[in-house]
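Report on one structure; see the data block that follows.
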Amino acid sequence: SRRRGTESDPALSAEVWKEQYTYNDASRPMGIKTTIGEPGSTLSLFSATTYDSAGRVDTQTYPQLPTSSMAGLSVKHTYTAYGQLGALSNVGTGYVYWVGLGENAWGHVTAEQYPGVITGSHSDYLSTGQSQTLSWSGGTSDQVSYAYDGFGNLMRQQRSAGAAMNTETYTYDSLQRLTKAARAIGDPVTYTYSNSGNIEAAARSVAPSLVRRAISPMR
5 SRRRGTESDP ALSAEVWKEQ YTYNDASRPM GIKTTIGEPG STLSLFSATT
55 YDSAGRVDTQ TYPQLPTSSM AGLSVKHTYT AYGQLGALSN VGTGYVYWVG
105 LGENAWGHVT AEQYPGVITG SHSDYLSTGQ SQTLSWSGGT SDQVSYAYDG
155 FGNLMRQQRS AGAAMNTETY TYDSLQRLTK AARAIGDPVT YTYSNSGNIE
205 AAARSVAPSL VRRAISPMR
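Its first residue numbered 5, the sequence shown is counted upward by one per residue in the numbering used here.
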């Protein structure tokens with residue numbers, strides 16, 4: 005829960021947000037009640053999860069919008085014969101939101117289908133399981149590609165959407181801490197650290213000046 009107020013004892017301040025959880029006999033989460041309280045009004049939101057006989061998520065029900073008379077969206081999870089997530093659909097109407105068409109040895113989806121003509125194709129670096137490319141087609145093509153260094157740090161990511169393209173590169177120090185993030189479109193950001201290893205400041209280069217934001221050290 006969270007409280008808001010100026011009382012010396014926090015327990016005396018007004019409770020403005022609270023979440024309550026329920027679990028089934030297998031200790032799996034099955035319900036969440038979120039209560040948001042503001043002066044003059046209280047909003048309660050409910051979400052629920054059911055499971056199949058194998059302990060996998062069967063349905064996921066999301067909170068009902070306070071401005072809508074319709075029940076909250078309930079999504080059915082369907083699995084393949086190998087136990088992989090195969091599809092997501094509307095419990096009430098049967099409308100299919102997503103279909104998984106392939107999965108690799110890392111358990112990551114390699115091909116997917118969205119409603120209409122949108123399809124996704126994804127690949128990993130087989131030795132590490134880290135994402136190599138994520139691409140979608142149908143309408144405007146969209147693709148993101150990634151490259152890593154020998155320590156597994158992200159070195160570069162490049163995104164293209166239609167004719168537009170942007171590349172970000174990352175630099176690290178000998179302790180594998182991020183020291184610079186540079187973009188083909190936009191200004192680079194540099195990071196400095198204190199002797200204790202906490203991020204001390206982030207600075208964005210804007211010619212002819214330098215915008216610097218100090219970060220309070222962790223205590």
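The C-beta atom is built at its ideal place from N, Cα and C for all residues, glycine as well.
The model shown is predicted, which means the values in this text are computed figures rather than measured ones.
(request) Check R206 in the structure and name its three-state DSSP category. (result) As a working note, residue 206 is residue 202 in the sequence shown. At residue 206 the sequence reads Ala, which differs from the Arg that was named. Here A206 sits in strand by DSSP.
(request) Can you have a look at G96 and say buried or exposed, based on whether 16 or more other CB atoms are within 10 angstroms of its CB? (result) Position 92 of the sequence shown holds residue 96. Flag for G96 reads exposed.
(message) Taking only three categories from DSSP, how would you classify L16?
(response) Counted from its first residue, the sequence shown places residue 16 at position 12. Correct three-state label for L16: helix.
(message) For the pair the stretch 115-131 and the stretch 153-172, tell me if three or more CB-CB distances fall below 8 Å.
(response) These segments do not touch.
(message) Quick check on the DSSP output: the beta strand (DSSP E) that includes I36 runs from which residue to which?
(response) Along the sequence shown, one-based indexing puts residue 36 at 32. Per DSSP, the continuous beta strand (DSSP E) segment holding I36 begins and ends at 33-42.
(request) List the whole-angstrom C-beta distance separating L92 from Y101, where the pair is believed to meet the contact cut-off of C-beta under 8 Å. (result) Locating residue 92 in the sequence shown gives position 88, where the first residue counts as 1. Locating residue 101 in the sequence shown gives position 97, where the first residue counts as 1. With a Cβ gap of about 5 Å, L92 and Y101 count as contacting.
(request) Tell me whether M159 sits in a helix, a strand or coil according to DSSP, three-state version. (result) As a working mapping, residue 159 is identified with position 155 in the sequence shown. Residue state, collapsed to three classes: strand.
(message) Rounded to the nearest angstrom, what separates A185 and D146 at their Cα positions?
(response) The count along the sequence shown starts at 1 and reaches residue 185 at position 181. The count along the sequence shown starts at 1 and reaches residue 146 at position 142. Their Cα atoms are separated by approximately 22 Å.
(request) Kindly list the residues whose CB is nearer than 8 Å to the CB of E3, restricted to its own chain and excluding five residues on each side of it in sequence; keep chain order. (result) There is simply no residue 3 to check, as the chain begins at 5 and stops at 223 in what is shown.
(request) Measure the C-alpha to C-alpha separation of L179 and G201 and round it to an integer number of angstroms. (result) Taking the sequence shown and counting its residues from 1, the one referred to as residue 179 is at position 175. Taking the sequence shown and counting its residues from 1, the one referred to as residue 201 is at position 197. Spanning the two alpha carbons is a distance of roughly 9 Å.
(message) Suppose you measure from the CA of G9 to the CA of P43; what does that come to, to the nearest Å?
(response) Walking along the sequence shown from the start, residue 9 turns up at place 5. Walking along the sequence shown from the start, residue 43 turns up at place 39. The straight-line gap separating the alpha-carbon atoms of G9 and P43 is approximately 12 Å.
(request) Return the chain-ordered list of same chain residues with a C-beta closer than 8 Å to the C-beta of I203, the five sequence neighbours on each side being excluded. (result) Numbered from its first residue, the sequence shown carries residue 203 at position 199. Result list for I203: Y195, T196, Y197, I219, in chain order.
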